[in-house]
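Just so we're on the same page, the working numbering is the position in the sequence shown counted from 1, plus 232.
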Amino acid sequence: LYKAEEKGLRFVTKVSPLIPNVVLGDPYRITQILLNLASNSVKFTEKGEITVESEVAGYLNGQVIIAFSVCDTGVGIDPAYLDSIFQEFSQEDTSITRKFGGTGLGLSISRSLARLMGGEIYIDSEKGQGTSSHFCLFLPIGTVQDLPQRKSATIANPQQLLGKRVLLVEDNEYNRLLANTFLSNAQLTVTEAENGAEAIARVGEQDFDLILMDVQMPVLDGFEATKHLRQLGLTTPIIALTASAINGEKQKCLAAGMDDYLTKPFFEDELIQLVHDWILRPLGTATDPEAAPVPAPAPPALSLDTSLALYKLDILLDTARGNQKFVESMLKTFIDGTYNALRDLNRALEVGNMQGLQATAHKLRPSLVHLQIQPAVLLMDKLENWEGPFGYDDLQPLVEAADRLLRQVLADMTTELEARRAALAA
Numbered sequence: 233l234y235k236a237e238e239k240g241l242r243f244v245t246k247v248s249p250l251i252p253n254v255v256l257g258d259p260y261r262i263t264q265i266l267l268n269l270a271s272n273s274v275k276f277t278e279k280g281e282i283t284v285e286s287e288v289a290g291y292l293n294g295q296v297i298i299a300f301s302v303c304d305t306g307v308g309i310d311p312a313y314l315d316s317i318f319q320e321f322s323q324e325d326t327s328i329t330r331k332f333g334g335t336g337l338g339l340s341i342s343r344s345l346a347r348l349m350g351g352e353i354y355i356d357s358e359k360g361q362g363t364s365s366h367f368c369l370f371l372p373i374g375t376v377q378d379l380p381q382r383k384s385a386t387i388a389n390p391q392q393l394l395g396k397r398v399l400l401v402e403d404n405e406y407n408r409l410l411a412n413t414f415l416s417n418a419q420l421t422v423t424e425a426e427n428g429a430e431a432i433a434r435v436g437e438q439d440f441d442l443i444l445m446d447v448q449m450p451v452l453d454g455f456e457a458t459k460h461l462r463q464l465g466l467t468t469p470i471i472a473l474t475a476s477a478i479n480g481e482k483q484k485c486l487a488a489g490m491d492d493y494l495t496k497p498f499f500e501d502e503l504i505q506l507v508h509d510w511i512l513r514p515l516g517t518a519t520d521p522e523a524a525p526v527p528a529p530a531p532p533a534l535s536l537d538t539s540l541a542l543y544k545l546d547i548l549l550d551t552a553r554g555n556q557k558f559v560e561s562m563l564k565t566f567i568d569g570t571y572n573a574l575r576d577l578n579r580a581l582e583v584g585n586m587q588g589l590q591a592t593a594h595k596l597r598p599s600l601v602h603l604q605i606q607p608a609v610l611l612m613d614k615l616e617n618w619e620g621p622f623g624y625d626d627l628q629p630l631v632e633a634a635d636r637l638l639r640q641v642l643a644d645m646t647t648e649l650e651a652r653r654a655a656l657a658a
């Protein structure tokens with residue numbers, strides 16, 4: 233991806249929402265094939281875009297047929313050469329080799345990997361028009377029980393965190409309440425701030441062992457707040473909380489003076505492990521600016537099965553550890569916050585505020601992922617990543633669909649909240 237960005241190429245990924253939530257296959261081989269094909273596309277494309285796509289091609293005997301493709305707008309391949317394209321260390325002509333470098337080894341390896349999984353790679357190309365590489369895999373449909381279990385954070389002595397002070401800077405109330413609960417469960421002392429300006433004020437009032445800093449906030453964002461704190465000489469570790477996992481975001485966080493970053497939505501053990509490692513790191517340990525960020529848990533694959541519940545509480549209930557008042561508080565916070573977000577989305581649409589639409593979608597997305605409101609996640613992704621100019625006719629259907637879906641979610645959730653309150657009062 234970063235090589236595509238360096239060349240000014242658009243890198244597009246498309247994943248069909250019809251792909252089942254769980255399929256059984258070899259993720260390492262599939263990833264290697266896609267990386268090889270995408271790398272070739274980037275290498276031989278000077279302008280335009282690279283598109284990596286996966287979609288459902290059919291079903292057979294309990295298996296889903298998933299079609300993968302990598303398409304580019306590059307130099308293309310002469311049809312007469314396609315028969316030999318998979319030969320190791322082959323390239324169409326020496327002038328291309330001199331200009332772009334590399335060989336056909338990646339394609340040969342990719343074909344071998346595809347065949348090991350029962351598939352085959354096919355290439356369509358036209359000289360000067362670009363290349364499309366395709367392969368299909370028959371993958372058994374699995375269940376949640378087939379998923380690998382998440383490993384819990386390995387903390388030798390949790391008591392070491394007792395009383396350590398953390399400043400949590402987050403403008404989204406749902407995210408703030410969730411993170412505060414995670415931290416409090418680990419016996420950390422938490423102080424909250426809703427924007428960068430409040431964070432600077434809190435730092436002036438007391439010392440902290442660590443700061444968790446959201447990056448997109450009103451009044452003063454996390455980047456500017458961090459720069460200001462560093463200019464004041466503050467050396468406290470600052471961990472960015474961001475809903476963006478792209479490489480550019482990581483570098484921007486580090487350039488602002490942050491020490492590490494965690495992508496939202498995150499699990500409790502991931503947050504506490506990161507906090508533990510930074511608070512209790514050996515004295516004098518230098519920050520590694522190239523350290524890999526803590527990855528976000530992959531959100532569930534989007535499904536269009538409307539017979540399923542519109543939202544799921546399993547992650548929230550796991551966090552609550554039997555505390556029903558906490559569940560009630562989180563649901564109420566989500567309901568209130570989402571009504572406000574829908575108001576902001578519709579208001580931004582009416583006045584033609586593209587930045588407002590994107591900011592609201594960005595802010596709302598983590599809580600939607602946490603509650604597994606999958607179709608709404610897709611809609612927020614489309615709004616946040618909108619690349620064209622503001623167009624009411626194009627954006628209005630997305631906002632309307634989000635509004636209709638989330639109002640139904642909120643109605644169902646309100647009913648559940650009332651039932652839970654009644655049960656607590658009984």
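The beta carbon of each residue, even a glycine, is placed where N, CA and C say it ideally should be.
Are the region 454–465 and the region 439–446 in contact at 8 Å, needing three or more beta carbon pairs?
yes
In three-state terms, what does DSSP make of A580?
On the sequence shown, position 348 is the one that residue 580 refers to. It is helical.
DSSP state of F300 mapped onto helix, strand, coil
The residue labelled residue 300 in the question sits at position 68 within the sequence shown. Three-state DSSP puts F300 in a strand.
By Cβ distance, which residues of its chain are closer than 8 Å to G280, with the 5 residues on each side in sequence left out?
Numbered from 1 along the sequence shown, position 48 holds the residue referred to as residue 280. Cβ within range, chain order: L241, R242, D304, T305, G306 and G362.
Segment limits, beta strand (DSSP E) that includes D492
Residue mapping note: residue 492 aligns to position 260 of the sequence shown, counting from 1. Element bounds for D492: D492 to T495.
Tell me the start and end of each unbroken beta strand (DSSP E) in the region 394–422 that is at least 3 residues and wholly inside, in chain order.
397–401
Through-space distance from T565 to E278, alpha-carbon basis:
Reading the sequence shown from its first residue, position 46 is the one you call residue 278. Reading the sequence shown from its first residue, position 333 is the one you call residue 565. Those two C-alpha atoms are separated by around 48 Å.
Can you list, in chain order, the residues of its chain whose CB lies under 8 Å from that of S561, leaving out five sequence neighbours each side?
Counting from 1 along the sequence shown, the entry for residue 561 is found at position 329. Answer for S561: L409, listed in chain order.
Ordered along the chain, which non-local residues of its own chain (more than five positions away) have a Cβ less than 8 Å from that of V288?
The residue labelled residue 288 in the question sits at position 56 within the sequence shown. Only S248, L250, I251, V296, I297, I298 and A299 meet the Cβ criterion.
Contact belief for L369 with G351 at Cβ below 8 Å, rounded distance in angstroms
Looking up residue 369 in the sequence shown gives position 137. Looking up residue 351 in the sequence shown gives position 119. The pair is a contact, with the Cβ atoms about 5 Å apart (cut-off 8 Å).
Quick one: is G454 buried, meaning 16 or more other Cβ sit within 10 Å of its Cβ, or exposed?
The residue you call residue 454 lines up with position 222 of the sequence shown. Buried, by the Cβ-count rule.
If I measure Cβ to Cβ from F558 and keep anything under 6 Å in the same chain, skipping five residues before and after, which residues do I get?
Reading the sequence shown from its first residue, position 326 is the one you call residue 558. So the list reads A552, once near-sequence residues are dropped.
Considering only the alpha carbon of each residue, which of A346, I605, R652 and D613 lies closest to V641?
The residue given as residue 641 occupies position 409 in the sequence shown. Among A346, I605, R652 and D613, the Cα nearest to that of V641 belongs to I605.
Under the DSSP definition of a beta bridge, which residues are partnered with D446?
As a first step, residue 446 is located in the sequence shown; it is residue number 214 there, counting from the start. According to DSSP, D446 bridges with L473.
Indicate whether the contact test is met: 3 or more Cβ pairs, each with one atom in the region 570–586 and one in the region 620–640, closer than 8 Å.
yes
Going by the beta-carbon positions, is the gap between L452 and A429 smaller than 8 Å?
Here residue 452 corresponds to residue number 220 of the sequence shown, with the count starting at 1. Here residue 429 corresponds to residue number 197 of the sequence shown, with the count starting at 1. For L452 and A429, yes; Cβs fall inside 8 Å.
Would you mind working out which of T375, I567, T592 and Q590 sits nearest T647, comparing C-alpha positions?
Along the sequence shown, one-based indexing puts residue 647 at 415. Answer by Cα proximity: I567.
With the cut-off set at 8 Å, would you say P598 and L637 are in Cβ contact?
Reading the sequence shown from its first residue, position 366 is the one you call residue 598. Reading the sequence shown from its first residue, position 405 is the one you call residue 637. No, the pair does not count as a contact, with Cβ atoms beyond the cut-off.
Using the three-state DSSP reduction, which class does Q438 fall into: helix, strand or coil?
As a working note, residue 438 is residue 206 in the sequence shown. Here Q438 sits in coil by DSSP.
What residues in its chain sit with their C-beta under 7 Å from that of I341, if we drop five residues either side in the sequence?
Within the sequence shown, residue 341 is the residue found at index 109, counting from 1. Answer for I341: N268, listed in chain order.
Use the C-beta contact count for R343: other C-beta atoms within 10 angstroms, 16 or more gives buried, fewer gives exposed.
Locating residue 343 in the sequence shown gives position 111, where the first residue counts as 1. Under this definition R343 is a buried residue.
Does the Cβ of T263 have 16 or more other Cβ atoms within 10 Å, making it buried, or fewer, making it exposed?
Position 31 of the sequence shown, counting from 1, holds the residue named residue 263. With fewer than 16 Cβ atoms within 10 Å of its Cβ, T263 is classed as exposed.
Residue range of the beta strand (DSSP E) that includes E281:
Numbered from its first residue, the sequence shown carries residue 281 at position 49. First-last of the beta strand (DSSP E) with E281: E281 to L292.
Using the C-alpha atoms, what's the distance from G436 back to G395?
What you label residue 395 is simply residue 163 of the sequence shown in a count that begins at 1. What you label residue 436 is simply residue 204 of the sequence shown in a count that begins at 1. G395 and G436: Cα-Cα distance of roughly 19 Å.
With DSSP as the reference, identify every bridge partner of I355, one or two as the case may be.
The residue you call residue 355 lines up with position 123 of the sequence shown. Looking at the DSSP assignment, I355 forms a beta bridge with S365.
Anyone know if the C-beta pair for V274 and K235 falls short of 8 Å?
Position 42 of the sequence shown, counted from the start, is the residue given in the question as residue 274. Position 3 of the sequence shown, counted from the start, is the residue given in the question as residue 235. Yes, they are a contact pair.
Taking Cβ positions, are L548 and M645 nearer each other than 8 Å?
Here residue 548 refers to the residue found at position 316 of the sequence shown. Here residue 645 refers to the residue found at position 413 of the sequence shown. Not in contact: L548 and M645 (Cβ atoms no closer than 8 Å).
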